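With the sequence shown counted from 1, adding 21 to any position gets you this note's numbering.
Quick reminder that beta carbons are idealized off the backbone N, C-alpha and C, glycines included.
Nothing here was measured: the structure is a model prediction, and the numbers come from that model.
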Amino acid sequence: MTAAKVPAPARADDGVLATLRGASPAVRALLAGVLLNRLGRFLQVYLVLFLTARGFSAPEAGLALGAYGAGTVAGVLVGGVLADRLGARLCTLVSMLGAAALIPAIQYLHDIRAVLAVVLGVGIITQVFRPAASALLGELTPRHRRVMIFSIYQMAFSIGNALAPLIGAALVAISYDVLFWTEALACVGFAVVAAIALPRRPIAAPAEPGAAPARPAAGYRAVLADRRYVLFLAAAFVNLAVYLQSVAVLPLAMRDAGLPTAWYGAMFALNGLVVIAGQLPVTRIVQHRPAASVVTLGFALLAAGHALYWLLPTALPVALPVAAVFVLGTLTWSIAEIVGGPTVAAWPSLAAPSGLQGRYQGAFQAAFGLGAAIGPLAGVALWDRLGPATWLFTAGLSLVALIVARAAMRTRHSLTQENVS
């Protein structure tokens, strides 16, 4: 006779502080190391300015930035395989020490072919640690706390992404040499954290009851064989491509509406304020809701934000100031980010079988990387052809992604709960 399932324990202890207190020392060290690393990430932001200041042409600088982006996609795929074989400690050491060696070399290169090769290498090596880091967070965190821990992980990225350009600007005022060497030192600092605090061997997560153990030699074939997860990856790709119209189409739309550049900066500030102030409190509310429902709401709000950009100037009986239209739309998709983002980020760790955490994470991050590469290019091309109707098109894409994500995640929503028997 099968034992009755014991009700899940109360979740009153799943707030931010309780989650951090209950996290293992390795998880806390990883979060601190990632924050340090993100605070010292300057290359992508300042690469074009550096290369043009050194006499390279704008197209050459753009090509180098593209090489960096291509490297980041390759890096997470490579990192996904290495994560399941080497574990987070070795992957982080390889990633950070390799980056620390390559990044300063860029300032001594004078041939664009050498620049492209090194920048491509930097893009690859800097991302190798990421699938292993995400896998470690999942493996060392109870299932009912994973959405919160990934929300905290995302917050470390958000804080770093907000402050690093400001720190970089102060360093550039001294010299680009100082900028590059500071980034290298930040990488070394993360490597030291990994060497001291992260587990020396890969952690074998326990298999789901009744599930056959995964074979690490399966490569990404096992990931691609999981059709529901592939659907989730497709939805994540579309979602990020739509989200990144905030850096592609939004500045063009605001310019064509006659608003000064300062207003575009204000939209970024609004988004950052919403994320930093609201993400962790909202995560505490949504973390135990069915994952498919949370992601559905997030995707729907993203679609609504884009639809507002198109709808408000054309369909409302009362005219709104044009700036207010952009504020309302931006506020809506910013709320979408804090509602759905942590659950989307946690899902690979919840869906992955034992032994494939790294590859599930690598595939997820590669899908995001492709969305980041393709989304802005496609958005600018659409704006050139469709103008403001682009917002309606991207809103529709987000709704399609919503349907796909719901189909992919609905049958696994119980994975956000502990399996207690």
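Please classify residue i as buried or exposed, where buried requires at least 16 other C-beta atoms within 10 Å of its C-beta.
i, result
"histidine 327", "buried"
"isoleucine 359", "buried"
"proline 338", "Confidence at proline 338 is low in this model, with a pLDDT of 49, below 50, so the placement of that residue is unreliable and no value is reported for it."
"isoleucine 145", "buried"
"threonine 93", "buried"
"isoleucine 173", "buried"
"valine 199", "exposed"
"glycine 159", "buried"
"tyrosine 330", "buried"
"serine 419", "buried"
"alanine 356", "Note that residue 356 corresponds to isoleucine in the displayed sequence, not to alanine. Buried, because 16 or more other Cβ atoms sit within 10 Å of the Cβ of isoleucine 356."
"aspartate 105", "buried"
"arginine 166", "buried"
"arginine 62", "buried"
"alanine 257", "buried"
"aspartate 132", "exposed"
"proline 80", "exposed"
"leucine 184", "exposed"
"leucine 423", "buried"
"aspartate 277", "exposed"
"threonine 282", "exposed"
"arginine 221", "exposed"
"glycine 286", "exposed"
"alanine 154", "buried"
Distance check for residue j and residue i, CA to CA, integer angstroms please.
i, j, result
"leucine 107", "leucine 157", "12 Å"
"valine 37", "valine 316", "21 Å"
"alanine 388", "leucine 254", "6 Å"
"alanine 426", "glycine 319", "11 Å"
"valine 18", "arginine 49", "Nothing can be reported for residue 18: it is not among the residues displayed for the chain, which extend from 22 to 442."
"glycine 90", "glycine 396", "13 Å"
"isoleucine 306", "phenylalanine 171", "14 Å"
"alanine 228", "alanine 82", "Bear in mind that a pLDDT of 46 at alanine 228, under 50, signals an unreliable position, so the model cannot answer this."
"isoleucine 127", "proline 186", "19 Å"
"leucine 137", "serine 314", "43 Å"
"alanine 226", "alanine 399", "With a pLDDT of only 49 at alanine 226, under the threshold of 50, the placement of this residue in the model should not be trusted; the figure read from the coordinates follows. Approximately 39 Å, taken between the alpha carbons."
"phenylalanine 150", "methionine 176", "18 Å"
"tryptophan 354", "asparagine 292", "8 Å"
"leucine 123", "leucine 413", "43 Å"
"proline 409", "glycine 299", "29 Å"
"serine 78", "leucine 72", "8 Å"
"serine 196", "glycine 189", "10 Å"
"proline 230", "serine 375", "Note that proline 230 scores 46 on pLDDT, short of 50, meaning its location in the model is unreliable; the coordinates nonetheless yield the value given after this. For proline 230 and serine 375, the distance between alpha carbons rounds to 11 Å."
"valine 348", "methionine 288", "7 Å"
"leucine 206", "glycine 417", "44 Å"
"threonine 415", "alanine 366", "22 Å"
"valine 346", "leucine 371", "38 Å"
"glycine 383", "proline 152", "5 Å"
"valine 213", "arginine 406", "50 Å"
"proline 363", "leucine 301", "9 Å"
"glycine 210", "aspartate 247", "37 Å"
"alanine 428", "arginine 164", "21 Å"
"alanine 324", "alanine 135", "42 Å"
Kindly list the residues whose CB is nearer than 6 Å to the CB of residue i, restricted to its own chain and excluding five residues on each side of it in sequence; keep chain order.
i, result
"alanine 44", "none"
"leucine 273", "Trp404"
"phenylalanine 178", "Arg59"
"cysteine 208", "Met117, Ala120 and Ala121"
"threonine 113", "Phe150 and Ala215"
Between residue i and the rest of its own chain, which residues show a CB-CB distance below 7 Å, the 5 nearest in sequence each way excluded?
i, result
"valine 303", "Ile359 and Val360"
"asparagine 182", "Arg59"
"methionine 430", "Phe253, Ala312, Ala313, Val316 and Trp368"
"valine 251", "Leu245"
"glycine 96", "Gly144, Ile145, Ile146, Thr147, Gln148 and Val149"
"alanine 218", "Pro46, Ala47 and Ala50"
"proline 125", "Phe201, Trp202 and Ala205"
Find the nearest neighbour of residue i within the set the options, judged by alpha-carbon distance.
i, options, result
"alanine 243", "His165, Leu413, Tyr381 and Ala290", "Tyr381"
"leucine 261", "Ile195, Leu391 and Val149", "Leu391"
"leucine 265", "Ser78, Val97, Ala393 and Tyr250", "Ala393"
"arginine 4", "Gly417, Phe385 and Met176", "For the chain, the structure presents residues 22 to 442; residue 4 sits outside this window and is missing."
"leucine 68", "Val139, Gly383 and Pro281", "Val139"
"arginine 75", "Ala324, Gln148, Leu57 and Tyr129", "Tyr129"
"alanine 344", "Met275, Val263 and Val99", "Met275"
"alanine 215", "Val421, Gly100, Tyr285 and Ser116", "Ser116"
"isoleucine 297", "Ala373, Ile180 and Val421", "Ile180"
"glycine 87", "Pro163, Leu141, Thr162 and Thr113", "Leu141"
"valine 99", "Gly350, Leu322 and Tyr241", "Tyr241"
Looking at chain D, is there any beta carbon in it that lies within less than 7 Å of the beta carbon of residue i?
i, result
"leucine 130", "Reference to chain D is not applicable here, since this structure consists of a single protein chain."
Looking only at its chain, what residues have a beta carbon closer than 8 Å to the beta carbon of residue i, apart from the 5 residues adjacent to it on each side?
i, result
"valine 401", "Ala269, Val270 and Leu273"
"leucine 192", "Phe63, Val199, Leu200 and Thr203"
"valine 295", "Leu352, Ser355, Ile356, Glu358 and Ile359"
Given the structure, does residue i come close to the ligand FMN, in the sense that its CB is under 6 Å from one of the ligand's heavy atoms?
i, result
"valine 102", "For the structure depicted, the ligand FMN is absent and the ligand set is empty, with no information on it obtainable."
Quick check for students: name the residue ranges of the alpha helix (DSSP H) that lie wholly in the region 121-149, counting only runs of 4 or more.
133-148
Which ranges does the alpha helix (DSSP H) cover as unbroken runs of at least 4 residues, wholly within the region 40-98, from first to last along the chain?
46-60 and 64-74
For the region 320-385, which segments carrying the alpha helix (DSSP H) assignment without a break, of at least 4 residues, lie completely within its bounds, in sequence order?
343-372
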